[in-house]
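Encoded as structure tokens, the structure appears first; notes follow it.
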Amino acid sequence: MEYSRVQLYDLPDEILIIIFKKLVTTEVLYSLAKFNRIAHDSVFKNHLTLLTSTSDGFVYSLPNSIFDRFFLHILPEIHRKIKWFDLESRSMKYIIFATPYPNLYGISLYNIQTETVIDLFT
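Numbering (our numbering), first residue to last: -8 to 113.
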């Protein structure tokens, strides 16, 4: 029996998008530097989750390497298309004040102190 080797690059964009919808969007964007066209698909820009969560409900910051890559390289390219953010306290200030988001209409905040919210939004 002969085996064929299929690489991720060989799959059609539609199949890749279905797979990536099941993953954390920021991690997908970070890992898709080579998949430029897919990384710019509206699926990954409309609702960005910039945190990780566990099955028991705990919310954590993204690893620094992923957050830094997203903040420095991906966000400047896609900020105009973002409609919703899921943010936690560490990344919130950086993301909110990084650039204008003309299409942003919602933000979900996690692990945020009341005082921080008041300081940022008043």
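Glycine included, each C-beta is placed from N, C-alpha and C at the ideal position. These figures come from a predicted structure and were not determined experimentally.
Whole-angstrom distance between K84 and L111, CA atom to CA atom:
8 Å
Give me the Cα-Cα distance between G48 and L100, rounded to the nearest whole angstrom.
14 Å
Can you tell me where the beta strand (DSSP E) with D77 in it begins and where it stops?
W75 to E79
Secondary structure at Y85, three-state DSSP: helix, strand or coil?
helix
Could you say which of G97, P67, T90 and V50 lies nearest to S80 if we only look at CA atoms?
V50
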